[in-house]
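Numbering-wise, the sequence shown is residues -26 to -1, 1 to 447 according to mature numbering (1 follows the signal peptide of the UniProt record, and there is no 0). C-beta atoms are modelled at their ideal positions from N, C-alpha and C, and glycine is treated no differently. Nothing here was measured: the structure is a model prediction, and the numbers come from that model. What follows is a single structure, written as structure tokens, with notes after it.
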Amino acid sequence: MRSQLSRVHALAGALLFALATGSAQAAVSAEEAAKLGKELTPVGATRAGNKDGSIPEFTGEKNFPEETKKYTRARLEELRKKDPDKLENDFKKNVDPAAVNPLFEISKANMAQYADKLTEGQKAMLSKYPTYKLRVYKPVRTAYYPKEIEAATIANATTAVLTGTDDLKGAKLGFPFPIPKNGAEVIWNHKLKFRGSAAKRYNNQAIVKPDGSFVLTKLVEDVKFKYANLKDPPAADNKLFAFYLSEVVSPPRVAGQITLVHEFAGTEGGGRAAWLYSPGLARVTRAPDVGYDNPALGTDNEQYNDQIDVFNGALDRYNWKLVGKKEVYIPYNSYQINSPKLKYKDILRPFHINPEYPRYELHRVWVVEATLKPGTRHNFAKRTFYVDEDSWAISSIDNYDARGALWKVQEAHLLTAPFIPTTTGIPELIYDLQSNRYFATTMVNEDAVTDFEVTYSDSYFDPSNLKRRARGK
């Protein structure tokens, strides 16, 4: 009897320890992993279309002419300035003509007909704003990644392990979890997706008031990716996976502010170390609050730090549930809304962006629900994520307040850049259903093309370099 009690106590103790520390999620079996590159794409999407043909078979890079895969930044910038029509049309050359024009439009009047393929955020927007509409096009599955990323992803399938929500081991270069078993693994795929090795981006963001007025905030952002970096592959289990440096260019009241972030796996500091330079203080300070629901600089509480890149940072304040796959209309192949022929005033309208320019397509997404853990705090008590199966990019998030009411609706207008190649969200939007304002970021129509050929040393992102840069102002 005593030995039985001892075993019971031991099992109970082990269970409590696992609950307290976060149990490790085992990698998938070799049998499951063998599906990658066959019935699944190398990064884990279902290769086949759906039963009724409304979602086609995966085609990836076949959708792009060879010349678009070889575009340099200089060539893109030349086309942006001198021949924007060619720039837009080059990406359509291999596309089925039936995918060029809208199939139908969803509005408040007919939304019930399509309700099973709409997010709760889309339903709320359609119900609240009569001018909000979704133009739906034939889907084109354009997302693809370099062969090295695909091969590394297949290798990671049987080696990557996530303990709790933030302790990642056994992954290198590729997506860590192409066959995810829980919600946290899906989010890690988004966080670590390949985006090139480095970038300098000229970002524009705006808070749009209900009357449609806005003031642009311009930033220059420098990024070096340490995890999925083909030019400088990381060592296995290197916890540091990105450097980020941004400087505000305008408006004058916030110009000169600099933010430096080191992003890493783990929960210490919310998954990052951060520093700030403020011209008013004329000094560099550590920034422990650059994370979670602390407001991002210059966003007037309309974007939290963990909403940058749609979602980023530590996952530890939420319980993550993998709901499964669902067919949803999401923003995709968003080339028209990024046309250099458009001005920001053409896009930004009262209550929501101009519905003439976004492109929505039916795609399969992973649905993940995050609910706030007891004893932790965040202004969003629940979040529902919709993650594109082909790219692992988050396309939409429904964010709920403490009362359970839908509060903020996020959208990332996905497009594939074949010259990198990666799929990313441009622009990103956060609609505030309570204030009737919205926040738009990563808008690039009127500015220079993102420099994806730039290189940075690690020392460029050292805090001491930030101090030298600040002293030079």
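Q: Name the two residues that bound the continuous alpha helix (DSSP H) containing residue 47.
A: Run containing residue 47: 47 to 56, per the alpha helix (DSSP H) assignment.
Q: Indicate the three-state DSSP secondary structure (helix, strand or coil) for residue 352 in the structure shown.
A: If DSSP states are grouped into helix, strand and coil, residue 352 belongs with coil.
**Q.** In DSSP terms, what residue 535 is bridged to
**A.** Because residue 535 is not part of the residues shown, which for the chain are -26 to 447, the question remains open.
Q. Per DSSP, what kind of secondary structure is residue 477 in: helix, strand or coil?
A. Residue 477 cannot be examined here, being either before or after the span of the chain that is shown, -26 to 447.
Q. Quick one: is residue 448 buried, meaning 16 or more other Cβ sit within 10 Å of its Cβ, or exposed?
A. Absent from the model: residue 448. The displayed extent of the chain is -26 to 447, so no value can be given.
Q. DSSP on residue 295, reduced to helix/strand/coil?
A. When secondary structure is reduced to three states using DSSP, residue 295 falls in the strand class.
Q. Going along the chain, which residues of its own chain have a beta-carbon closer than 6 Å to the beta-carbon of residue -25, five neighbours each way excluded?
A. Residue placement at residue -25 is flagged as unreliable, the pLDDT there being 40, under the threshold of 50; the coordinate-derived value follows with that caveat. Correct list: empty, nothing qualifies.
(Q) Taking the alpha-carbon of residue 426 as reference, which of 165, 46, 256 and 381 has the nearest alpha-carbon? (A) Looking only at 165, 46, 256 and 381, the smallest Cα-Cα distance to residue 426 is reached by 46.
Q | residue 249, DSSP secondary structure in three states | A | When secondary structure is reduced to three states using DSSP, residue 249 falls in the strand class.
Q) Just how far apart, CA to CA, sit residue 272 and residue 227? A) Cα to Cα, the separation comes out at about 10 Å.
Q.
Quick check on the DSSP output: the alpha helix (DSSP H) that includes residue 320 runs from which residue to which?
A. Taken as a continuous stretch (DSSP letters only), the alpha helix (DSSP H) holding residue 320 covers 318 to 321.
**Q.** Inside the stretch 141 to 229 only - beta strand (DSSP E) runs reaching at least 3 residues
**A.** Whole beta strand (DSSP E) segments, 3+ residues: 141 to 143, 172 to 182, 190 to 199 and 214 to 224.
Q) Should residue 159 be listed as close to the ligand FMN, given that the test is whether its C-beta is under 6 Å from any heavy atom? A) With respect to the ligand FMN, the structure offers nothing, as it holds no ligand at all.
Q: Check residue 4 in the structure and name its three-state DSSP category.
A: Collapsing the DSSP output to three states places residue 4 in a helix.
Q. How big is the Cα-Cα spacing for residue 74 and residue 258?
A. Computed Cα separation, rounded: 50 Å.
Q. Any idea if residue 27 is buried or exposed, counting beta-carbon neighbours within 10 angstroms, 16 or more meaning buried?
A. Exposed, by the Cβ-count rule.
Q: Compare the C-alpha of residue 136 against each of 292, 147 and 151 and name the closest.
A: Ranking 292, 147 and 151 by CA distance to the CA of residue 136 puts 151 first.
Q) Is the beta carbon of residue 31 sitting closer than 7 Å to the one on residue 153? A) No, they are not a contact pair.
Q.
Let's test the definition: count the other Cβ atoms within 10 Å of the Cβ of residue 187 and tell me whether it reaches 16, buried, or not, exposed.
A. Classification for residue 187: exposed.
Q) Between which two residues does the beta strand (DSSP E) carrying residue 35 extend? A) No beta strand (DSSP E) holds residue 35; DSSP gives it neither H nor E.
Q.
Looking at the secondary structure, which residues open and close the beta strand (DSSP E) in which residue 442 lies?
A. Counting along the chain, residue 442 falls outside any beta strand (DSSP E), though it belongs to the alpha helix (DSSP H) covering 437 to 445.
Q: Return the Cβ separation of residue 334 and residue 356 in integer angstroms, given the expectation that the two are a contact with Cβ distance under 8 Å.
A: The C-beta separation of residue 334 from residue 356 comes to about 24 Å, leaving the pair out of contact by the 8 Å criterion.
Q) Roughly how many angstroms lie between the CA atoms of residue 358 and residue 300, to the nearest whole one? A) Cα to Cα, residue 358 sits roughly 13 Å from residue 300.
(Q) If you reduce the DSSP assignment to three classes, tell me which class residue 82 lands in. (A) Reduced to three states, the DSSP call for residue 82 is coil.
Q | Span of the beta strand (DSSP E), counted from its first residue to its last, around residue 335 | A | According to the DSSP assignment, residue 335 belongs to the beta strand (DSSP E) that extends over 334 to 346.
Q | Under the three-state DSSP convention, the category residue 283 falls into | A | When secondary structure is reduced to three states using DSSP, residue 283 falls in the coil class, being assigned neither helix nor strand.
Q: Say whether the stretch 91 to 101 touches the stretch 364 to 384, bearing in mind that this needs 3 or more beta-carbon pairs closer than 8 Å, one atom from each stretch.
A: Counting Cβ pairs under 8 Å, three or more are found: they touch.
Q: Go through its chain and collect everything with a Cβ distance to residue 94's Cβ below 8 Å, but skip five positions before and after it.
A: In the same chain as residue 94, and ignoring 5 residues on each side of it, the C-beta atoms closer than 8 Å to its own belong to 358, 372 and 380, in chain order.
Q | residue 38 versus residue 407 - alpha carbon distance | A | Approximately 38 Å between the Cα atoms of the pair.
Q | Three-way DSSP call (helix, strand, coil) for residue 95 in this model | A | In the structure shown, residue 95 sits in a helix (DSSP, three-state: H, G or I).
Q.
Per the DSSP calculation, residue 458 is bridged to which residue(s)?
A. Since the first and last residues shown for the chain are -26 and 447, residue 458 lies out of range.
(Q) Using only CA atoms, which one of 388, 241, 378 and 414 lies nearest to residue 326? (A) Of 388, 241, 378 and 414, the residue nearest in Cα terms is 414.
(Q) I'd like to know whether the C-beta of residue 139 is nearer than 7 Å to at least one C-beta of chain B. (A) Although the question refers to chain B, the structure presented lacks it and comprises just one protein chain.
**Q.** Of the residues 321, 109, 59 and 52, the one placed nearest residue 306, counting alpha carbons only
**A.** Shortest Cα-Cα distance from residue 306 to any of 321, 109, 59 and 52 involves 109.
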